[in-house]
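Participant: Provided herewith is a single structure, encoded as structure tokens, for subsequent inquiry.
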Amino acid sequence: MSLNLGSILDVLSSHAAATGRFDQILTHEPDSSPQAGAALVTAIWVQRISPLPAMSGLAVTSVLVELVQRVYAPMTTRPADVIDIRVTEAIDDLLGRITADFQLGGTVNCVQLVGTPNLHAVAGYVRTDGAVQRVMDIAIPCVLADQWPQSA
Amino acid sequence: MSKGTGLGDNFYVAGVDVSGDVNSLSRIGGGLAPIDMTDITQSAYERQGGLRDGAIAWSSYFDPDVAHPLLSALPVTDVHVMYCRGTTLGNHGAALVAKQVGYDPARPGDGSLLFGVQALANRYGLEWGRQLTAGKRTDTGATAGTGVDLGTGSTTHGLQAYLQVFSMTGTDATVKIQESSDNGSGDAWADVTGGAFTELAAGPAVERIATATDLTVERYLRAVTTTSAGFTSLVFALLVVRNDTEVTF
Numbered sequence: 000m001s002l003n004l005g006s007i008l009d010v011l012s013s014h015a016a017a018t019g020r021f022d023q024i025l026t027h028e029p030d031s032s033p034q035a036g037a038a039l040v041t042a043i044w045v046q047r048i049s050p051l052p053a054m055s056g057l058a059v060t061s062v063l064v065e066l067v068q069r070v071y072a073p074m075t076t077r078p079a080d081v082i083d084i085r086v087t088e089a090i091d092d093l094l095g096r097i098t099a100d101f102q103l104g105g106t107v108n109c110v111q112l113v114g115t116p117n118l119h120a121v122a123g124y125v126r127t128d129g130a131v132q133r134v135m136d137i138a139i140p141c142v143l144a145d146q147w148p149q150s151a
Numbered sequence: 000m001s002k003g004t005g006l007g008d009n010f011y012v013a014g015v016d017v018s019g020d021v022n023s024l025s026r027i028g029g030g031l032a033p034i035d036m037t038d039i040t041q042s043a044y045e046r047q048g049g050l051r052d053g054a055i056a057w058s059s060y061f062d063p064d065v066a067h068p069l070l071s072a073l074p075v076t077d078v079h080v081m082y083c084r085g086t087t088l089g090n091h092g093a094a095l096v097a098k099q100v101g102y103d104p105a106r107p108g109d110g111s112l113l114f115g116v117q118a119l120a121n122r123y124g125l126e127w128g129r130q131l132t133a134g135k136r137t138d139t140g141a142t143a144g145t146g147v148d149l150g151t152g153s154t155t156h157g158l159q160a161y162l163q164v165f166s167m168t169g170t171d172a173t174v175k176i177q178e179s180s181d182n183g184s185g186d187a188w189a190d191v192t193g194g195a196f197t198e199l200a201a202g203p204a205v206e207r208i209a210t211a212t213d214l215t216v217e218r219y220l221r222a223v224t225t226t227s228a229g230f231t232s233l234v235f236a237l238l239v240v241r242n243d244t245e246v247t248f
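Protein chains in written order, with numbering that gives the first Met the number 0: chain A, 0 to 151; chain B, 0 to 248.
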């Protein structure tokens, strides 16, 4: 079995591209300020991998892969009032697309839409290279069943 | 071996390995139902053993390929259930001849889907034993398994054994139990009297056998397969219960 993370990132990148809202789509967490002109930037990475007791069998461990998809908007955007509107519209679009494809093209058993943890987004700010970015992080908990057989 | 966990367990139902579809086992129960015999002169309860019983209850995932076709049939006939505590040769396990009661789904708001299933004993109660196969064993021809040490000395109260056959390719195969007092080093392996299962022609299949209750059973036991016309694959699991005291069913 394989978590096949590359395929999962590909599907999420495709969904982001299909929105037409992003200048750049990154499949890593950038360590420098993303180049966001008038449009938005999004980055996707794996945040946490952990066993999932609620889907594991007696002799096999199912896995919860938690990804983060961050949407960046520069705080230099004017008027400032449009920043959150643009970011949340993008987030709404992404959440809708992920929900409508909760198996991410068959790469996962499901995105945990309403369980714990669930698909959700949280807003915040990030300062990188001296530049402040308005960000909103989507947490995408992906269930992958029967990944690691247990044997003593 | 010291204290252990329940990791790496297996669970078989009617010759089907449903281990991957079991979320948890909430009960593996057995023993006698006590009968209250307390009289008015006594200051504490007096109880005697009543009917032997047994039950295994578990939560099953919805798996349209494995668990669902098996459990949704809700058979009215007996169902053989086997729990293997790990899958190392000689590990402990529990077996049950039972009636399947329920296959009831719960779909809570978080989107999960689990089915509650019970197996309630029919006739023999729950029996704990030792695995003469390491979980499932695959033989590609007549094979003599590795001996399992059941403890110092022989016992004189017979044995019971449970067989689950998952698949078979071939014409015929027979699974039987052999015994030795010293793991075959000086005392050659010999068939246990009454320790052979019915000849197999196909799988899945299940069977429980019991020897005479006064049979002497040696310290070491092993599972062997034999054939007359040949087989190329036999996948099975065998659990044996060697009685330390006389058992009546």
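Ideal Cβ positions, reconstructed from N, Cα and C, are used throughout, including at glycine. All values derive from a computational prediction rather than experimental measurement.
For the 8 Å Cβ check, are there 3 or more pairs between the region 63-79 of chain B and the region 9-27 of chain B?
Facilitator: Yes: at least three Cβ pairs fall under 8 Å.
Participant: Taking 7 Å as the cut-off, decide whether the C-beta atoms of Ala209 (chain B) and Gln159 (chain B) are in contact.
Facilitator: Yes, Cβ-Cβ distance for Ala209 (chain B) and Gln159 (chain B) is below 7 Å.
Participant: Please confirm if Val59 (chain A) has its CB atom under 7 Å from at least one CB of chain B.
Facilitator: Interface residue, yes.
Participant: Quick one: which residues of the region 70-94 of chain B get their C-beta closer than 8 Å to a C-beta of chain A? List them in chain order.
Facilitator: Within the region 70-94 of chain B, the residues whose Cβ lies closer than 8 Å to some Cβ of chain A are Gly85, Thr86 and Thr87, listed in chain order.
Participant: Assess contact between the region 74-87 of chain A and the region 26-41 of chain B, defined as three or more Cβ pairs (one per stretch) separated by less than 8 Å. Is contact present?
Facilitator: Touching, no, given that fewer than three Cβ pairs across the two stretches are closer than 8 Å.
Participant: If we call anything under 7 Å between Cβ atoms a contact, is Ala263 (chain B) one with Leu125 (chain B)?
Facilitator: A question about residue 263 (chain B) goes unanswered here, because the residues of chain B that appear run from 0 up to 248.
Participant: Is the separation between the beta-carbon of Val239 (chain B) and that of Gly128 (chain B) shorter than 7 Å?
Facilitator: A contact, by the Cβ cut-off of 7 Å.
Participant: By Cβ distance below 8 Å, which residues in the same chain neighbour Asn121 (chain B) in space, the five residues on each side in sequence not counted?
Facilitator: Same-chain partners within the cutoff: Asp77, Val96, Ala97 and Lys98.
Participant: Whose C-beta lies closer than 7 Å to the C-beta of Gly56 (chain A) among residues of the same chain, with five residues either side of it excluded?
Facilitator: Within the same chain, Gly56 (chain A) has close Cβ partners Asp145.
Participant: If I'm right that Val147 (chain B) touches Arg221 (chain B) with Cβ under 8 Å, what's the distance once you round it to whole angstroms?
Facilitator: Right, their Cβ atoms sit about 7 Å apart.
Participant: Could one say the Cβ of Phe165 (chain B) lies closer than 7 Å to chain A's Cβ atoms, at least one of them?
Facilitator: By this cut-off, Phe165 (chain B) is not an interface position.
Participant: Going by DSSP, what residue range makes up the alpha helix (DSSP H) through Val134 (chain A)?
Facilitator: Here Val134 (chain A) belongs to no alpha helix (DSSP H); instead the beta strand (DSSP E) covers Ala130 to Pro148.
Participant: Can you pull the chain A neighbours of Asp103 (chain B), defined as C-beta to C-beta under 7 Å?
Facilitator: None at all; the shortest Cβ gap to chain A is about 18 Å.
Participant: Closest to Ala53 (chain A) by C-alpha separation, out of B:Val246, B:Ala118 and B:Gly110, would be which residue?
Facilitator: The residue with the shortest Cα to Cα distance from Ala53 (chain A) is B:Gly110.
Participant: Taking its Cβ as the centre, do 16 or more other Cβ atoms sit within 10 Å of Tyr82 (chain B), making it buried, or is it exposed?
Facilitator: That one is buried.
Participant: Determine the direct distance from the alpha carbon of Asp128 (chain A) to that of Ser23 (chain B), and round the result to whole angstroms.
Facilitator: Taking the straight line from one Cα to the other gives about 50 Å.
Participant: Given Asp30 (chain A), which residues of its chain have a CB within under 8 Å of its CB, disregarding the five upstream and five downstream residues?
Facilitator: Excluding residues within five positions, the ones whose Cβ falls inside 8 Å are Thr127.
Participant: How about Arg228 (chain B) and Thr170 (chain B): do their beta carbons lie closer than 7 Å?
Facilitator: Here residue 228 (chain B) is Ala; the residue named in the question, Arg, does not match the sequence. Yes, the pair counts as a contact, with Cβ atoms nearer than the cut-off.
Participant: Are the region 130-147 of chain A and the region 63-72 of chain A touching, with three or more C-beta to C-beta distances below 8 Å?
Facilitator: A contact exists between the region 130-147 of chain A and the region 63-72 of chain A.
Participant: Skipping 5 residues on each side, what residues in its chain have a beta carbon closer than 7 Å to that of Asn242 (chain B)?
Facilitator: Same-chain partners within the cutoff: Thr154, His156, Gly157 and Leu158.
Participant: If Ala17 (chain A) and Pro73 (chain A) are in contact, beta carbons under 8 Å, what's the gap, nearest whole angstrom?
Facilitator: 23 Å between Cβ atoms; not a contact.
Participant: Once the 5 residues before and after Ser6 (chain A) are set aside, which same chain residues still bring their CB inside 6 Å of it?
Facilitator: So the list reads Thr106, once near-sequence residues are dropped.
Participant: For the region 100-124 of chain B, list every residue whose C-beta sits within 8 Å of some C-beta in chain A, in sequence order.
Facilitator: Answer in chain order: Gly108, Asp109, Gly110 and Ser111.
Participant: Go through its chain and collect everything with a Cβ distance to Gly49 (chain B)'s Cβ below 8 Å, but skip five positions before and after it.
Facilitator: Excluding positions up to five away in sequence, the list reads Leu31, Ala32, Pro33 and Ile34.
Participant: CB-CB under 8 Å to Ala189 (chain B), same chain, minus the five flanking residues each way: which ones, in chain order?
Facilitator: Excluding residues within five positions, the ones whose Cβ falls inside 8 Å are Gln177, Glu178 and Ser179.
Participant: Tell me whether Ile39 (chain B) sits in a helix, a strand or coil according to DSSP, three-state version.
Facilitator: Note: Ile39 (chain B) maps to coil in three-state DSSP.
Participant: Does the beta-carbon of His14 (chain A) have 16 or more other beta-carbons within 10 angstroms, so that it is buried, or is it exposed?
Facilitator: By the 10 Å Cβ count, His14 (chain A) comes out buried.
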